[in-house]
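Worksheet for the structure shown next.
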Amino acid sequence: MIAFVEEVSSSLVREFLSRKGLKKTIACMDEEHPRTATSINNRSLLRQVLNIEDLYRKNKVQNPPLKTVLEIIVKHHMEQQKKVKIMTGDGETARSVTPPAFTAGSPLICDTEENSSRSEIKATHSPPSTFLSLLSDENKSSGHDQKDVSAYDSERQKCQPPTSLQQEWESSAQNEPEKKSEAISRSRTNRNRRGMMSGPIPREMGRKKPSPRYDAAQPLFRRDGENQPSADAHLDINTHSCAGRKPGLQRSPESLQSENNNRGNKAKAVNKNHMPINSDLNLSDLVLDDVDDEDLQEISQVSVQRSVSECLPKSRPIDQSIAMDLKAVLLGSSLNCFSAEWRNQGLTFSDTHDLRYGIVQRKGGPCGVLASIQAFILKKLLFENTESSDSDLQRLRPSNATRRKCLVLALAEVLWKAGEEERATVAVNTGLNHFTPSGRYRSEGVLEKMVFFTVDNLRDLQILVEQHIEQFETGTLGCILLTISAVLSRSIEKVKEDMDVSSSTLIGAHGYCTQELVSLLLCGRAVSNVFDDDMELDSGGGDTTLLKGIKSHCDVGLLSLFEHYNICKVGAHLKTPSYPIWVVCSESHFSVLFGLQRELLTSKDQHLEFDLYYYDGLANQQEEIRLTITVGKWRSFQEVDSDSIPPLELCIRTRWKDVEINWNDTEPIL
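Every number in my numbering is 315 more than the matching position in the sequence shown, counting from 1.
Here's what the structure looks like:
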């Protein structure tokens, strides 16, 4: 339960940051507090988990409505507040307030009451079951509302976390060491330089210094080891100051009054914007500040800010001119449209246990795009997933988080390669039209709603793709977005230059992917041929025709049934790639063949035996297909009915000539 509460809280914060456009802060949070398989990335699901559907509907009719779920929750509880009685240290009644009425299913947030004043707080500390709050020494009033906060024991069941977590916080509170003023000052400077908020820590005893004013519009991030309460604990909401309080340490006003009397009523007046406390730390020595750098060594050593550009790129809408050029190179004319098979195809993973690595294809058409990105996902999953200690077979059953991460990295690699490793462009759908079609352009509500971002740094590209990964993975336009992103990364002009005939298209008849599109995704160039390098043909009359092929060795390869029929020749750059992964072109369809050991690419073919795995996202595949390849044992065509040989075997034999292929009790695909 505690872990789930933490995930919901993290998702709530991420939703706030996303809606506010705080991309750098999201990047910092993802670095320090990575998403997990249980993270909620859908606003609708988040509202359901928090049971605030009614609040959301009420907010929609407001003018103007609040943009974030967190603001909706905060507004709801501020409106619910009533007066409660707060006792000052000398027994004097400062204000009378009644406890707020929390509605079922609403997040627990301690409410506040309007006030503005200035005051200092001093108190002593008693054993862990005291009421602790970290307050600033001084808080000036302003035109904004300032709020009082308190809580009774009657609310403790709602506000405090489970006992085990409470004990952990109490133990941490007792063991927290004092920080030297020089180290604290340096730590605060480092944190400010990183653009992160400061947390409350004790200053050197006997030294008084007013705390800095704190803007509550900025969220206060705390790591797990810094004793920050979870979403189940009360949060002080204040327009200008934020006071942290450890759950499980609250006591009723009567108990506090008794302790104050036993100490001779020595406590000072309480700032009307905050709650009464008892602590062995002089509150003039408690400020909203940073923990020391030991808790953030990773960020100190490798600053997140260095991995993100000073300013993440601004989006640029696709206008009609760009849309017409895109349609021309993709479909042949600005009057043509994407087929339904393309418009409804995302990069969605399979739920079948043995095929969790695989992307599912709904209908025929964009198989070349799906097979290409599938190949790079397998590359990341099997050969570059250094965080996993699983065996090769176990890596083929990745968690949701792992396979999504591999998808992000695969997309980034494809686009980065298309941009010649200098720049890349990511296209996303906004849901809003950015131009009104006119003239010779047929509208279909796809390109009109897109914007694109351009970056010149691979790390920025990975962050950018991750921020919009839902559009690729769960959205219906995933294939189109990837294709357009690849074309824009390469540039429309260079895509045309790559082709043998500049009027060729990337999407052919019936919505099939052409070789140019597959080459663009696999190698970064939209070349029309699969042989190595370029080839010149004599056209007669002294003219030559330049045929463009694969310029360099590829990470992922390709095998083609056309080579078996002597229609083309696949060169070594594709036939012997850096990784044992091949896109298979067979009978106008693309699928993937891969091995688990890179050694099979370097071992001598003679007397070699190894396994290859085959995945076809369109075949409604329900089980793993494992082929055992034995080199040097294949019978000749005269001994075998050629019509009964599966096309996949013919493709494999274009790479390994004399092989025997065992389907291991799987029905051969004919």
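Cβ atoms here follow ideal geometry from the backbone N, Cα and C, with glycine treated the same way. Keep in mind it's a predicted model, so treat the numbers as computed, not measured.
task = State the start and end residues of the unbroken alpha helix (DSSP H) segment that holds W657.
result = W657 -> alpha helix (DSSP H) spans 655–658.
query = Between which two residues does the alpha helix (DSSP H) harbouring C966 extend?
reply = Looking at the DSSP string, the run of the alpha helix (DSSP H) that includes C966 is 962–967.
Spatial neighbours of T728 in its chain, beta-carbon cut-off 7 angstroms, leaving aside the 5 residues before and after = Checking the displayed sequence, the identity of residue 728 turns out to be Glu instead of Thr. Taking C-beta separations shorter than 7 angstroms and ignoring five residues to either side along the sequence, the partners of E728 in its chain run F691, following chain order.
task = Could you tell me if the beta carbon of K863 falls within a distance shorter than 7 angstroms of some heavy atom in the ligand NAD?
result = In terms of ligand content, the structure shown is empty, and the ligand NAD therefore cannot be addressed.
message = Applying the 10 Å Cβ sphere with the 16-neighbour rule, what's the burial state of H888?
response = With 16 or more other Cβ atoms within 10 Å, it is buried.
ask   = Where does T798 land, buried or exposed, given buried means 16+ other C-beta within 10 angstroms?
value = T798 comes out buried.
inquiry  = For G683 and L832, which I take to be in contact (beta-carbon distance under 8 angstroms), what is that distance rounded to the nearest angstrom?
reply    = Contact flag correct, Cβ pair sits at about 6 angstroms.
request  = Can you tell me the Cβ-Cβ gap for V907 and Y930, rounded? I've got them flagged as a contact below 8 angstroms.
outcome  = Contact between V907 and Y930 holds, since their C-beta atoms are separated by about 5 angstroms, short of 8 angstroms.
request  = Grab the span of the alpha helix (DSSP H) containing F877 for me, first residue to last.
outcome  = For F877, the uninterrupted alpha helix (DSSP H) run begins and ends at 876–879, by DSSP.
message = Determine whether the beta carbon atoms of L1008 and S687 lie at a separation below 8 angstroms.
response = What the structure shows of the chain is the stretch from 316 to 985, and residue 1008 is not part of that stretch, so it cannot be assessed.
query = So which of H391, I355, N357 has the shortest CA-CA distance to R372?
reply = The shortest Cα separation from R372 among H391, I355, N357 belongs to H391.
inquiry  = What does the Cβ neighbour count give for S834, buried or exposed, with the cut at 16 atoms within 10 Å?
reply    = Flag for S834 reads buried.
task = On a CA-only basis, which of L933, V974, E808 is nearest L927? Give me that one, please.
result = Among L933, V974, E808, the Cα nearest to that of L927 belongs to V974.
query = Which residues does DSSP pair with C900 in a beta bridge?
reply = Paired residue(s): S875, F905.
inquiry  = Considering Cα atoms alone, identify which of K866, L985, L933 is closest to V675.
reply    = Of the candidates K866, L985, L933, the residue whose Cα lies closest to the Cα of V675 is L933.
Buried/exposed call for V376, threshold 16 Cβ in 10 Å = Counting other Cβ atoms within 10 Å of its Cβ, V376 stays below 16 and is therefore classed as exposed.
task = Examine the Cβ distances between the stretch 749–766 and the stretch 815–824 and report whether three or more of them are shorter than 8 angstroms.
result = Touching, no.
task = Spatial neighbours of I355 within its chain, please: CB distance less than 8 angstroms, with the 5 preceding and 5 following residues excluded, ordered by chain position.
result = Scanning its chain for C-beta atoms nearer than 8 angstroms, with the 5 sequence neighbours on each side dropped, one finds around I355 the residues E322, V323, S326, L361, V364, in chain order.
ask   = In three-state DSSP terms, what is R941?
value = The answer is strand: DSSP assigns R941 an E or B state.
Spatial neighbours of C721 in its chain, beta-carbon cut-off 6 angstroms, leaving aside the 5 residues before and after = Cβ neighbours of C721 beyond the five flanking positions: I692, K695, L696.
task = May I have a chain-ordered list of the alpha helix (DSSP H) segments no shorter than 4 residues that lie completely inside the stretch 625–688?
result = Entirely contained in the stretch 625–688, the alpha helix (DSSP H) runs reaching 4 residues are, in chain order, 635–646, 655–658.
query = Measuring CB to CB, does L862 end up less than 8 angstroms from N881?
reply = It is not a contact, given that the beta carbons lie outside the stated cut-off.
key: Through-space distance from Q635 to A352, alpha-carbon basis   = Distance from the CA of A352 to the CA of Q635, rounded to the nearest whole angstrom, comes to 40 angstroms.
task = Would you check if the distance between the CB atom of P632 and the CB atom of V766 is smaller than 8 angstroms?
result = Taking 8 angstroms as the cut-off, the beta carbon of P632 is found closer than this to the beta carbon of V766.
query = Thinking C-alpha only, which one of Q689, T701, S714 is nearest H668?
reply = Out of Q689, T701, S714, S714 has the C-alpha closest to the C-alpha of H668.
request  = Return the chain-ordered list of same chain residues with a C-beta closer than 7 angstroms to the C-beta of V723, the five sequence neighbours on each side being excluded.
outcome  = If we look at V723 and ignore the five residues flanking it on each side, its Cβ neighbours are Q777, V780, E781, I784.
ask   = By Cβ distance below 8 angstroms, which residues in the same chain neighbour T663 in space, the five residues on each side in sequence not counted?
value = Excluding positions up to five away in sequence, the list reads I674, V675, E788, T789, G793.
request  = May I have a chain-ordered list of the alpha helix (DSSP H) segments no shorter than 4 residues that lie completely inside the stretch 320–373?
outcome  = Taking only runs of at least 4 residues, the alpha helix (DSSP H) segments lying wholly in the stretch 320–373 are 338–347, 358–365.
key: Straight-line Cα distance separating K972 from G947   = Counting only the Cα atoms, K972 lies some 8 angstroms from G947.
request  = Count the C-beta pairs between the stretch 850–865 and the stretch 738–748 that are closer than 8 angstroms, then say yes if the count reaches three, no if not.
outcome  = Counting C-beta pairs with one atom in each stretch, the stretch 850–865 and the stretch 738–748 have fewer than three that are closer than 8 angstroms, which means they do not touch.
request  = Pull up the distance between the alpha-carbon of R334 and that of S753, whole angstroms please.
outcome  = Cα-Cα distance, rounded: 33 angstroms.
key: Span of the beta strand (DSSP E), counted from its first residue to its last, around A739   = Its beta strand (DSSP E) spans residues 739–744.
inquiry  = Suppose the cutoff is 6 angstroms on Cβ atoms and the five residues either side in sequence are ignored; what does the same chain contact list for V871 look like?
reply    = Cβ within range, chain order: A690, L837, P892, I896.
task = Could you check the C-alpha separation between V741 and L796 for me, to the nearest Å?
result = The C-alpha of V741 lies about 8 angstroms from the C-alpha of L796.
Where F768 falls: helix, strand or coil (DSSP) = Taken through DSSP and simplified to helix, strand or coil, F768 comes out as strand.
inquiry  = Per the DSSP calculation, D926 is bridged to which residue(s)?
reply    = According to DSSP, which records beta bridges pairwise, D926 is partnered with T943.
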